[in-house]
Amino acid sequence: MSPQERYQRHIAFAEKVMTLLDEGSFTTTYKFAVLLALVDLCLEQTRSDGSAPTSLTTRQLAEKVTELYWSHASPYPAFSNPDLLRQLRAPPGRQAAILRVVCRFREDLIPDPSLPLARARLSSPKNFERTVREVEWKLIQMPLPRLQIFGKDEGRFIYEINWSEDVRQAEVRAYQCGTESDFDNTIRFKDQVSEHLVLLSPLLRPLIQQKWADMVSRLNGLPENALREFLFGSDRISLEPVRAGLVEIEEGRCFYCEERFRDSGNRAPVVDHFIPWARHPNNAIENLVPAHGRCNHRKRDFLAAARHVEKWTSRIRMHTGTAGQLRTLAGKRTWETDPDRILGVARAIYLRLRPDVPLWFLDRQFHPADRTVLQRVLG
276 MSPQERYQRH IAFAEKVMTL LDEGSFTTTY KFAVLLALVD LCLEQTRSDG SAPTSLTTRQ
336 LAEKVTELYW SHASPYPAFS NPDLLRQLRA PPGRQAAILR VVCRFREDLI PDPSLPLARA
396 RLSSPKNFER TVREVEWKLI QMPLPRLQIF GKDEGRFIYE INWSEDVRQA EVRAYQCGTE
456 SDFDNTIRFK DQVSEHLVLL SPLLRPLIQQ KWADMVSRLN GLPENALREF LFGSDRISLE
516 PVRAGLVEIE EGRCFYCEER FRDSGNRAPV VDHFIPWARH PNNAIENLVP AHGRCNHRKR
576 DFLAAARHVE KWTSRIRMHT GTAGQLRTLA GKRTWETDPD RILGVARAIY LRLRPDVPLW
636 FLDRQFHPAD RTVLQRVLG
């Protein structure tokens, strides 16, 4: 297939997704959650050769959807009487079932329901497992069989599944418990779809988030721009608990310019998401690096240059001393650690870059993507 043909197929797929997002029969925000989860999982499950996954499981999808709804399951602070944002077209008092399930898990986290999901999972593994199984059942029962419906017609252009809306809960429960069951939990992507999702993720992610926030704003009578940060922002979890430990691991130097930190000003240490939050939301310890405030400001949401990628990958490989230090820090702070997941995202992004794409190096300097280095360190 020629580059022009590939480009045309990507555009045709994007147009179908946009049509699906504009289709007005959504009664809940589930379709947005499923689409966004599929994009994220395709990035995270990218293989070492850079290829996107050909299938996912309903379990993987349920964990990701739980993660997406986690911040939504806390009261919206701008309400005069803080309460959950409505995410269901129904009379007041009713709420989307998945959001209710996730909210119940948060409420069970006594005495601190504000815990990040990674910490909540560690502190209450049984409740987390129960929550994910319930979310998985709801996804199997409702949005997954109906996601690809336009009006009254179904057009399966994203994935195939081996069940319909009349799937029996007992059959799914048996599969979840590991007992004999005919249920097949595989979500099989149509030809090249996972590659479309990875390549189009910088466009699809903000588009889906915008449509999601727009629906929530209409259901709650609130301005959309006031909701985006609450629903999807990077500042919901403080990175302060791991800042000092990250600085110590880098021996008091900025990860990027390698100059020493100072106590104040633009050379004071802050925590930066190496893979920018705008590209993929990930607070795992492996994605966090200490940086001068100045370097962090200059980098913003740009992708870092190949030299930084080389340093970063060597830092998080399981056999290195630094990786051990990061795991120790994560253990002390009950922080999320997942090197394979963030490496998958890095492969999905970097191994598809054109050589002429500018990557941030230092200050106002940008270097072209060095494909040779990127393939060597990420392969």
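Here the sequence shown is numbered in our numbering, starting from 276 and rising by one per residue. Ideal Cβ positions, reconstructed from N, Cα and C, are used throughout, including at glycine.
**OP:** Return the chain-ordered ranges of every alpha helix (DSSP H) run that is complete within the stretch 489 to 571 and spans a minimum of 4 residues.
**Re:** Entirely contained in the stretch 489 to 571, the alpha helix (DSSP H) runs reaching 4 residues are, in chain order, 500 to 507, 515 to 524.
Original post:
Leaving out five residues before and five after residue 604 in sequence, what residues of the same chain have Cβ atoms less than 8 Å from its Cβ?
Top reply: In the sequence shown, residue 604 corresponds to position 329, counting from 1. Apart from the 5 residues on each side of it in sequence, residue 604 sits with its Cβ closer than 8 Å to the Cβ of 517, 520, 521, 524, 560, 610 in its chain, given in chain order.
**OP:** Have a look at 372, 448, 551 and flag the residue whose alpha-carbon is nearest the alpha-carbon of residue 458.
**Re:** Reading the sequence shown from its first residue, position 183 is the one you call residue 458. That would be 448, whose Cα lies nearest to the Cα of residue 458.
Original post:
For residue 607, is the classification buried or exposed, using 16 other Cβ atoms within 10 angstroms of its Cβ as the cut-off for buried?
Top reply: Within the sequence shown, numbered from 1, the residue matching residue 607 stands at position 332. Exposed: under 16 other Cβ atoms inside 10 Å.
Subject >> Euclidean distance between Cα positions of residue 646 and residue 465 >> reply: As a first step, residue 646 must be located in the sequence shown, where it is residue number 371. As a first step, residue 465 must be located in the sequence shown, where it is residue number 190. About 29 Å.
Original post:
What are the start and end residues of the beta strand (DSSP E) that includes residue 332?
Top reply: Taking the sequence shown and counting its residues from 1, one reaches residue 332 at position 57. Taken as a continuous stretch (DSSP letters only), the beta strand (DSSP E) holding residue 332 covers 330 to 332.
Subject >> residue 423 classed as buried or exposed, judged by whether at least 16 other C-beta atoms fall within 10 angstroms >> reply: For this step, residue 423 is matched to residue 148 along the sequence shown. Counting the other CB atoms within 10 Å of its CB gives residue 423 a total of 16 or more, which places it among the buried residues.
Original post:
For residue 302, which three-state DSSP category applies?
Top reply: Indexing the sequence shown from 1 puts residue 302 at position 27. Residue state, collapsed to three classes: coil.
**OP:** Confirm, please, whether the CB-CB distance from residue 314 to residue 414 is below 8 Å.
**Re:** For the purposes of this step, residue 414 is taken as residue 139 along the sequence shown, with counting starting at 1. For the purposes of this step, residue 314 is taken as residue 39 along the sequence shown, with counting starting at 1. No; because the gap between Cβ atoms is not below 8 Å, this pair is not in contact.
Subject >> Between the CA atoms of residue 418 and residue 623 - distance to the nearest angstrom >> reply: Sequence index remark: in the sequence shown, residue 623 carries index 348 (1-based). Sequence index remark: in the sequence shown, residue 418 carries index 143 (1-based). Computed Cα separation, rounded: 26 Å.
**OP:** Just the C-alpha distance for residue 574 and residue 429, rounded to the nearest angstrom, thanks.
**Re:** One-based indexing of the sequence shown puts residue 574 at position 299. One-based indexing of the sequence shown puts residue 429 at position 154. Rounded to the nearest angstrom, the two C-alpha atoms are 44 Å apart.
Original post:
Between the C-alpha atoms of residue 412 and residue 444, what's the straight-line distance to the nearest angstrom?
Top reply: In the sequence shown, counting from the first residue as 1, residue 412 sits at position 137. In the sequence shown, counting from the first residue as 1, residue 444 sits at position 169. Taking the straight line joining both Cα atoms gives about 7 Å.
Subject >> the ligand MG heavy atom lying under 7 Å from the CB of residue 308 >> reply: As for the ligand MG, it is missing from this structure, which has no ligand bound.
Original post:
Count the other CB atoms within 10 Å of the CB of residue 328; is the residue buried (16 or more) or exposed (fewer)?
Top reply: Looking up residue 328 in the sequence shown gives position 53. Per the 10 Å Cβ criterion, buried.
Original post:
Are residue 354 and residue 483 touching if we call contact CB-CB under 8 Å?
Top reply: Along the sequence shown, read from residue 1 onward, the residue named residue 354 stands at position 79. Along the sequence shown, read from residue 1 onward, the residue named residue 483 stands at position 208. Between residue 354 and residue 483, the CB-CB gap reaches or exceeds 8 Å.
**OP:** Indicate the three-state DSSP secondary structure (helix, strand or coil) for residue 321 in the structure shown.
**Re:** Translated into the one-based positions of the sequence shown, residue 321 becomes position 46. DSSP places residue 321 in coil when its eight states are reduced to three.
Original post:
How about residue 377 and residue 344: are their beta carbons less than 8 Å apart?
Top reply: For the purposes of this step, residue 377 is taken as residue 102 along the sequence shown, with counting starting at 1. For the purposes of this step, residue 344 is taken as residue 69 along the sequence shown, with counting starting at 1. Yes, Cβ-Cβ distance for residue 377 and residue 344 is below 8 Å.
**OP:** Would you identify the three-state DSSP class for residue 579, choosing helix, strand or coil?
**Re:** Within the sequence shown, the letter at position 304 stands for residue 579. Here residue 579 sits in strand by DSSP.
**OP:** For residue 487, I'd like the list of residues in its chain whose CB is within less than 6 Å of its CB, leaving aside the five on either flank, ordered along the chain.
**Re:** Walking along the sequence shown from the start, residue 487 turns up at place 212. Same-chain partners within the cutoff: 304, 307.
Subject >> Among 435, 474, 633, the one whose alpha carbon lies nearest that of residue 288 >> reply: Residue mapping note: residue 288 aligns to position 13 of the sequence shown, counting from 1. Nearest C-alpha to residue 288 among 435, 474, 633: 474.
Original post:
Using the C-alpha atoms, what's the distance from residue 349 back to residue 401?
Top reply: Numbered from its first residue, the sequence shown carries residue 401 at position 126. Numbered from its first residue, the sequence shown carries residue 349 at position 74. Rounded to whole angstroms, residue 401 and residue 349 show a C-alpha spacing of 21 Å.
Original post:
Cβ of residue 585 within 8 Å of Cβ of residue 632?
Top reply: Taking the first residue of the sequence shown as position 1, residue 585 is located at position 310. Taking the first residue of the sequence shown as position 1, residue 632 is located at position 357. Their beta carbons are not under 8 Å apart, which means residue 585 does not touch residue 632 by this criterion.
Subject >> residue 532 versus 433, 366, 580, residue with shortest Cα-Cα distance >> reply: Position 257 of the sequence shown holds residue 532. Looking at the Cα atoms, 580 is the closest of the given residues.
**OP:** Measure the alpha-carbon distance for residue 323 versus residue 619 and round it to whole angstroms.
**Re:** Looking up residue 323 in the sequence shown gives position 48. Looking up residue 619 in the sequence shown gives position 344. Rounded to the nearest angstrom, the two C-alpha atoms are 7 Å apart.
Original post:
Assuming residue 562 and residue 549 make a contact with CB atoms under 8 Å, what is their CB distance in whole Å?
Top reply: Against the sequence shown, residue 562 aligns to sequence position 287. Against the sequence shown, residue 549 aligns to sequence position 274. At roughly 5 Å, the Cβ-Cβ gap stays under 8 Å, so residue 562 and residue 549 are in contact.
**OP:** Please classify residue 425: is it buried, with 16 or more other beta-carbons within 10 angstroms of its beta-carbon, or exposed?
**Re:** For this step, residue 425 is matched to residue 150 along the sequence shown. It is exposed - the Cβ of residue 425 has fewer than 16 other Cβ atoms within 10 Å.
Subject >> Presumed contact (8 Å Cβ cut-off) between residue 546 and residue 578, rounded CB distance >> reply: Taking the first residue of the sequence shown as position 1, residue 546 is located at position 271. Taking the first residue of the sequence shown as position 1, residue 578 is located at position 303. Contact annotation, residue 546 with residue 578: C-beta distance approximately 18 Å; criterion of less than 8 Å not satisfied.
Original post:
Span of the alpha helix (DSSP H) holding residue 451?
Top reply: Within the sequence shown, numbered from 1, the residue matching residue 451 stands at position 176. 444 to 452 is the extent of the alpha helix (DSSP H) around residue 451.
Original post:
So is residue 409 buried or exposed if we call it buried at 16+ other beta carbons inside 10 Å?
Top reply: Start at 1 with the first residue of the sequence shown, and residue 409 comes out as number 134. Counting Cβ neighbours within 10 Å, residue 409 comes out buried, since at least 16 surround it.
**OP:** Return the CA-CA distance between residue 440 and residue 534, expressed in angstroms with no decimal places.
**Re:** Here the question's residue 440 lines up with position 165 in the sequence shown. Here the question's residue 534 lines up with position 259 in the sequence shown. Straight-line Cα distance between these residues: approximately 59 Å.
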